[in-house]
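Residue numbers (our numbering): 11 to 185.
What follows is a set of notes on a single structure, which appears directly below.
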């Protein structure tokens, strides 16, 4: 048991040291916020390493953590959707009064990703950031390949609509 514990701790330490930045970037692309990304990575690490497992190689451990991060993001999205449905829509006067909002139209990719549902965003991020195939995304998220295709189609349609707005494709800002 002590040897297994030591191996488990080495795997965790190595994963965080070697792949921690990549996991943070992955979580950041999913959620669009550095603090939330760090929380998602921690949640993924706890979910993956919260109990002792046998023979956990680094690449397998990373795949488990990525899956746990995506699941945690989807869970947060479900909870947030309930609150958004109950909260009234508020006008933001500081944006309405800004003189440059009509003339300086830019696409903020982060804001556009925020407009997608959690599953649409997860599918788009896994497909185009994670470079996964539809079947791999389906396996990661535990849904059918057809559902992944539908979420990708819906998400890309929403992003295309945003790009088609006046001034929409001119200045794309990623950060």
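Beta carbons are placed, not taken as given, at the ideal position from N, Cα and C, and that holds for glycine.
Report all residues from its chain with a CB closer than 7 Å to the CB of residue 129; omit the five preceding and five following residues, and keep chain order. Non-local C-beta neighbours of residue 129 in its own chain, meaning closer than 7 Å and more than five positions away in sequence, comprise 84 and 161, ordered along the chain.
Candidates 34, 19, 41 and 45: which alpha carbon is nearest residue 61's? Comparing Cα-Cα distances from residue 61 to each of 34, 19, 41 and 45, the minimum goes to 19.
Between residue 144 and residue 168, how many whole angstroms is the CB-CB distance? I'm expecting something under 8 Å. That pair is no contact at about 18 Å.
Alpha carbons only, please: which of 73, 157, 137 and 48 is nearest the one belonging to residue 25? For the residues 73, 157, 137 and 48, the minimum Cα distance to residue 25 belongs to 73.
Quick check on residue 156: buried or exposed, where buried means 16 or more other Cβ atoms within 10 Å of its Cβ? Exposed, since its Cβ has fewer than 16 Cβ neighbours within 10 Å.
Does the distance from the C-beta atom of residue 28 to that of residue 68 stay below 9 Å? In terms of Cβ geometry, residue 28 and residue 68 form a close pair [threshold 9 Å].
Which of the three DSSP states, helix, strand or coil, is assigned to residue 59? The answer is helix: DSSP assigns residue 59 an H, G or I state.
Beta-carbon gap between residue 127 and residue 87 smaller than 9 Å: When the beta-carbon positions are compared, residue 127 and residue 87 come within less than 9 Å of each other.
Proximity of residue 165 and residue 131 at Cβ, strictly below 9 Å: Contact check for residue 165 against residue 131 passes: the beta carbons are separated by less than 9 Å.
Pairwise C-alpha distance: residue 163 and residue 170: When rounded, the separation of the alpha-carbon atoms in residue 170 and residue 163 is 10 Å.
C-alpha distance - residue 181 paired with residue 49, whole-angstrom precision: Unreliable positioning characterises residue 181 in this predicted model, as indicated by a pLDDT of 46, which lies under 50. The coordinate reading is nonetheless provided below. If I take the Cα positions, the gap works out to 31 Å.
For a minimum of 4 consecutive residues, which ranges assigned as the alpha helix (DSSP H) are wholly contained in the stretch 23 to 57? As far as the stretch 23 to 57 is concerned, it has no whole alpha helix (DSSP H) run of at least 4 residues.
Using the Cα positions of residue 174 and residue 70, report the straight-line distance between them to the nearest angstrom. The straight-line gap from Cα to Cα measures roughly 41 Å.
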